[in-house]
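A.B. asks: Submitted below is the structure of interest, expressed as structure tokens.
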Amino acid sequence: MPSSPNKGRIGVLLVNLGTPDSPQTSDVRRYLNEFLTDARVVDMPAAIRYPLFRGLVVPLRAPKSAKIYQQLWTDRGSPLLFHGLDLQKLVQEKLGNDYLVAFGMRYQNPSIEKALEELRDAAVERIIVLPLFPQYAAASTGSVQEKVMELVSKWWVIPSVSFISTFADDPGFIGTIVTLGKEEMAKRHYDHVVFSYHGIPERHVLKGSHNGYCQLSGCSNTYNEKNRYCYRAQCFETSRLVAQGLGLAPEQYTIAFQSRLQSRLRDPWLQPYTDEVLKPLPEKGIKNVLAFSPAFVADCLETTIEVGEEFKELFEEAGGEHWQLVPSLNTHPQWVQAVADMIHRN
Numbered sequence: 001m002p003s004s005p006n007k008g009r010i011g012v013l014l015v016n017l018g019t020p021d022s023p024q025t026s027d028v029r030r031y032l033n034e035f036l037t038d039a040r041v042v043d044m045p046a047a048i049r050y051p052l053f054r055g056l057v058v059p060l061r062a063p064k065s066a067k068i069y070q071q072l073w074t075d076r077g078s079p080l081l082f083h084g085l086d087l088q089k090l091v092q093e094k095l096g097n098d099y100l101v102a103f104g105m106r107y108q109n110p111s112i113e114k115a116l117e118e119l120r121d122a123a124v125e126r127i128i129v130l131p132l133f134p135q136y137a138a139a140s141t142g143s144v145q146e147k148v149m150e151l152v153s154k155w156w157v158i159p160s161v162s163f164i165s166t167f168a169d170d171p172g173f174i175g176t177i178v179t180l181g182k183e184e185m186a187k188r189h190y191d192h193v194v195f196s197y198h199g200i201p202e203r204h205v206l207k208g209s210h211n212g213y214c215q216l217s218g219c220s221n222t223y224n225e226k227n228r229y230c231y232r233a234q235c236f237e238t239s240r241l242v243a244q245g246l247g248l249a250p251e252q253y254t255i256a257f258q259s260r261l262q263s264r265l266r267d268p269w270l271q272p273y274t275d276e277v278l279k280p281l282p283e284k285g286i287k288n289v290l291a292f293s294p295a296f297v298a299d300c301l302e303t304t305i306e307v308g309e310e311f312k313e314l315f316e317e318a319g320g321e322h323w324q325l326v327p328s329l330n331t332h333p334q335w336v337q338a339v340a341d342m343i344h345r346n
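The numbers in the UniProt record's numbering rise by one with no breaks, and the one at position 185 of the sequence shown is 185.
Printed below as a string of structure tokens:
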């Protein structure tokens, strides 16, 4: 059926976290300053957050992070950026001319503001926002949503705006991970699987708990209306569904969390910690491990470097023989279709 002549295109905004403009220390410092002073990332009073991170943490962290970004950088630049731009193009082709797909980063460039202006200039009828974080967290998806609402609230004419807040159990998302996992499992035998998710402070989970439901324990054993926005519960659900698709029994996989920022003694993050989980595995006879990083849909520092290289080194030092990271979804055709399907359903 032909579209109504008065019906405008639907705007789609894909958003990922962000990346420095270059691996140089000055650009990394600029990125970290914006990222680590976001009140949803570091939920401290501004009077403490800004001087602590801009005056102490970022100046110390930026040179070290710049060296790691230099290892990550490619001829096309940051993988998180070019995979995002490639995904934008492929999803646009998949959705067709009735849609206009834009891409932005929560921190640095291309900005959410620029992407929204592109959609506004095209006079889209409404906007669907898809933060590219499978599991909802206030520090990632929540921050994107807050920024979009802040920017759009300043427009004189505000179109309908909707958000896809989580896709932790989306069949297309899960199916793509399973496909990639099976490809790696066909190459060799693995003794165990590790699902490593980006960590967040425990208090972030407890602050978002529905009437105190989340207790950082067995409450994540089921996924329901009370914990559907609990980051920990979503990580467990994603893992269960992928494990089911791969034919894994519960004892054949472990769920853990990486990338904690502060001392766990002063500020505990979600546990168990991946780097501590993998060390005793070789003593248990687990010499070959397949690792997934399902909190990320594109290659980045946390996947390629942290899980793919740093954890591999720790595992081998502990006596392990083979540690293999399953590639991120990036622009896998099945993932492109999954994104298009999510947009259609919303």
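All C-beta atoms, glycine included, are put in the ideal place defined by N, C-alpha and C.
Would you call the region 206–214 in contact with the region 222–235, where contact means no fewer than 3 C-beta pairs closer than 8 Å?
C.D. replies: Because the criterion of three Cβ pairs below 8 Å is met, the region 206–214 and the region 222–235 touch.
A.B. asks: Would you say the region 26–41 touches the region 80–100, given that touching needs at least three Cβ pairs under 8 Å?
C.D. replies: The region 26–41 vs the region 80–100: no contact.
A.B. asks: Enumerate, from N- to C-terminal direction, the unbroken alpha helix (DSSP H) stretches of 4 or more residues contained entirely within the region 137–164.
C.D. replies: 141–152
A.B. asks: If you follow the alpha helix (DSSP H) that Met342 is in, where does it begin and where does it stop?
C.D. replies: Pro333 to Arg345
A.B. asks: Quick one: grab the DSSP three-state call for Ile10.
C.D. replies: Ile10 sits in a strand when the DSSP states are folded into three classes.
A.B. asks: Between which two residues does the alpha helix (DSSP H) containing Pro51 stretch?
C.D. replies: Element bounds for Pro51: Ala46 to Leu52.
A.B. asks: May I have the straight-line CA-CA distance separating Ala138 from His204, to the nearest angstrom?
C.D. replies: 7 Å
A.B. asks: Could you tell me whether the Cβ atoms of Leu116 and Phe163 are closer together than 9 Å?
C.D. replies: No, these two residues do not count as a Cβ contact at 9 Å.
A.B. asks: From the DSSP output, in three-state form, read off Ile305 for me.
C.D. replies: In the structure shown, the three-state DSSP call for Ile305 is helix.
A.B. asks: Suppose you measure from the CA of Leu32 to the CA of Ser217; what does that come to, to the nearest Å?
C.D. replies: 32 Å
A.B. asks: Might you give, ordered along the chain, the residues of its own chain that have their beta carbon closer than 7 Å to the beta carbon of Asp170, omitting 5 neighbours on each side?
C.D. replies: Ala338 and Met342
A.B. asks: Taking the straight line between their C-alpha atoms, what separation do you get for Thr179 and Pro51?
C.D. replies: 46 Å
A.B. asks: Use the C-beta contact count for Gly104: other C-beta atoms within 10 angstroms, 16 or more gives buried, fewer gives exposed.
C.D. replies: Gly104 counts as buried, since no fewer than 16 other beta carbons sit within 10 angstroms of its beta carbon.
A.B. asks: Return helix, strand or coil for Val326, following the three-state DSSP convention.
C.D. replies: coil
A.B. asks: For Val277, collect the residues of the same chain with a Cβ closer than 8 Å to its Cβ; drop the 5 residues on either side in sequence, then sort them by chain order.
C.D. replies: Val194, Thr254 and Ala256
A.B. asks: Given Val124, which residues of its chain have a CB within under 8 Å of its CB, disregarding the five upstream and five downstream residues?
C.D. replies: Cβ within range, chain order: Gly8, Arg9, Ile10, Gly11, Leu100 and Pro159.
A.B. asks: Between the Cα of Leu290 and the Cα atoms of Glu34, Ser196, Gly142 and Val297, which residue gives the shortest distance?
C.D. replies: Leu290 has its Cα closest to that of Ser196, out of Glu34, Ser196, Gly142 and Val297.
A.B. asks: Less than 6 Å between C-beta atoms, sequence neighbours within five positions excluded: which residues of the same chain meet that for Gln108?
C.D. replies: So the qualifying residues of the chain are Gly18 and Tyr31.
A.B. asks: Going by beta-carbon coordinates alone, are residue 353 and Arg106 separated by less than 9 Å?
C.D. replies: The requested residue 353 does not occur in the structure, where the chain is confined to residues 1 to 346.
A.B. asks: As an exercise, report each continuous beta strand (DSSP E) stretch of at least 3 residues that is fully enclosed by the region 21–77, in chain order.
C.D. replies: none
A.B. asks: Taking Cβ to Cβ, would you say Ala318 is nearer than 9 Å to Pro282?
C.D. replies: yes
A.B. asks: Around the Cβ of Trp155, are there at least 16 other Cβ atoms within 10 angstroms (buried) or fewer (exposed)?
C.D. replies: exposed
A.B. asks: Here's the rule I'm using: 16 or more other beta-carbon atoms within 10 Å means buried, otherwise exposed. How should Leu60 be labelled?
C.D. replies: exposed
A.B. asks: On the premise that Thr238 lies in contact with Pro294, defined as a C-beta separation below 8 Å, what is that separation, rounded to the nearest angstrom?
C.D. replies: 5 Å
A.B. asks: So what does His198 bridge to, in DSSP terms?
C.D. replies: Gln258
A.B. asks: What's the gap between the Cα of Pro23 and the Cα of Pro79?
C.D. replies: A direct Cα-to-Cα measurement between Pro23 and Pro79 gives close to 12 Å.
A.B. asks: What did DSSP end up calling Pro294 once you bin it into helix, strand or coil?
C.D. replies: coil
A.B. asks: Under a three-way DSSP split, which group does Ile177 fall into?
C.D. replies: Note: Ile177 maps to helix in three-state DSSP.
A.B. asks: Tell me whether Ile308 is buried or exposed, calling it buried when 16 or more other Cβ atoms sit within 10 Å of its Cβ.
C.D. replies: According to the sequence provided, residue 308 is Gly. The question's Ile does not apply to it. Buried, since its Cβ has 16 or more Cβ neighbours within 10 Å.
A.B. asks: Which word fits Ser153, buried or exposed, when buried means at least 16 other C-beta atoms lie within 10 angstroms of its C-beta?
C.D. replies: exposed
A.B. asks: Taking the straight line between their C-alpha atoms, what separation do you get for Ser263 and Gly77?
C.D. replies: The pLDDT assigned to Ser263 is 47, lower than 50, so where the model puts this residue is not dependable; a value taken from the coordinates is nonetheless given after this. Approximately 32 Å between the Cα atoms of the pair.
A.B. asks: On a CA-only basis, which of Trp269, Val242 and Phe292 is nearest Glu202? Give me that one, please.
C.D. replies: Cα-wise, what sits closest to Glu202 is Trp269.
A.B. asks: Determine, using beta carbons only, whether Ser259 and Gly199 come nearer to each other than 9 Å.
C.D. replies: yes
A.B. asks: With distance defined between alpha-carbon atoms, name the residue in Gln234, Ala340, Gln88 and Asp267 nearest to Asn16.
C.D. replies: When each option's Cα is compared against that of Asn16, the closest is Gln88.
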